[in-house]
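The next block holds one structure in the form of structure tokens; read it before the comments.
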Amino acid sequence: AQSVSQHNHHVILSEAASLELGCNYSYGGTVNLFWYVQYPGQHLQLLLKYFSGDPLVKGIKGFEAEFIKSKFSFNLRKPSVQWSDTAEYFCAVNYGGSQGNLIFGKGTKLSVKP
Amino acid sequence: EPEVTQTPSHQVTQMGQEVILRCVPISNHLYFYWYRQILGQKVEFLVSFYNNEISEKSEIFDDQFSVERPDGSNFTLKIRSTKLEDSAMYFCASLGWDEQYFGPGTRLTVT
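Listed in order, the protein sequences are those of chains A and B.
Just so you know, we're using this note's numbering here: the first sequence kicks off at 549 and counts up by one.
Just so you know, we're using this note's numbering here: the second sequence kicks off at 66 and counts up by one.
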């Protein structure tokens, strides 16, 4: 079965530290990749997405992710985190067209200490 | 900015009772979805809906579940006879150009 793995359950960083959250997906053909964020008490919202083209994708709030096809990975990065980045981060994929259902990873909780 | 809304935010029900969770997708969207997240676990796909019929469903979406678009705006998920293991956060989503927009979720507690 197709699956998504997020390696870190809970990451604790100090402000200004760099962030990298790992995401790997199982092979299944054409894949679309997403990172969603859920701030405390809020909706899941899209940070960034990759469908094709440049494998380095820039999203909102200074986040970026790199698609490495050979490693089936789509890691999320931010050079300098802020306290306001405290949230849960979900990697997700769908296969085939964009209307396909999303397969989510378990999520990584990020806590940023001021 | 348009958003997906869900009601109620929290529903408590007794085992064996029927529940209906309601969603209002973004108005010009055509694909709709239900996902759920059991506490401490992954967000899991339940069902997708397009053109007034189910387009895809997961193994979780058994005969106890049904979806409906009763009018031009609402999209509902019905669980006929709830079980303890149905306790979860249920998220509705609708598809924009290439991105699914999620509602805030309904927390269902089955006692």
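The beta carbon of each residue, even a glycine, is placed where N, CA and C say it ideally should be.
Since the structure is predicted, the reported quantities are computational estimates derived from the model, not experimental observations.
Determine the contact status of residue 110(B) and residue 100(B), defining contact as a CB-CB distance below 8 angstroms. yes
Assign residue 568(A) to one of three DSSP states: helix, strand, or coil. strand
Consult DSSP for residue 118(B) and reduce its assignment to one of helix, strand or coil. strand
Quickly, what does DSSP pair residue 668(A) with across the bridge? List them, please. Since the displayed chain A opens at 549 and closes at 662, residue 668(A) lies outside it and no answer follows.
Can you tell me which of the three DSSP states residue 109(B) falls into? strand
When the cut-off is 8 angstroms and only beta carbons count, does residue 591(A) lie next to chain B? yes
Can you round the beta-carbon distance between residue 662(A) and residue 563(A) to whole angstroms, since I take them to be within the 8 angstroms contact cut? 6 angstroms
My parser needs the beta strand (DSSP E) runs of 3 or more residues fully inside the stretch 66 to 104 of chain B; what are they? 70 to 72, 75 to 78, 84 to 89, 96 to 102
Cβ contact check for the stretch 646 to 657 of chain A and the stretch 132 to 143 of chain B: 3 or more pairs under 8 angstroms: no
Please go through the same chain and pick out, in chain order, the residues whose beta-carbon is closer than 7 angstroms to the beta-carbon of residue 82(B), but skip the five residues on each side of it. Hits under 7 angstroms: 147.
Does the Cβ of residue 655(A) have 16 or more other Cβ atoms within 10 Å, making it buried, or fewer, making it exposed? buried
At 9 angstroms on the CB atoms, spell out the chain B contacts of residue 599(A), in chain order. 163
Does the beta carbon of residue 623(A) come closer than 8 angstroms to any beta carbon on chain B? no
Per the contact definition of three or more C-beta pairs closer than 8 angstroms, is the stretch 549 to 562 of chain A in contact with the stretch 602 to 616 of chain A? They do not touch, by the three-pair rule.
Beta strand (DSSP E) segment containing residue 145(B), residue limits: Careful: residue 145(B) lies outside any beta strand (DSSP E) and carries neither H nor E.
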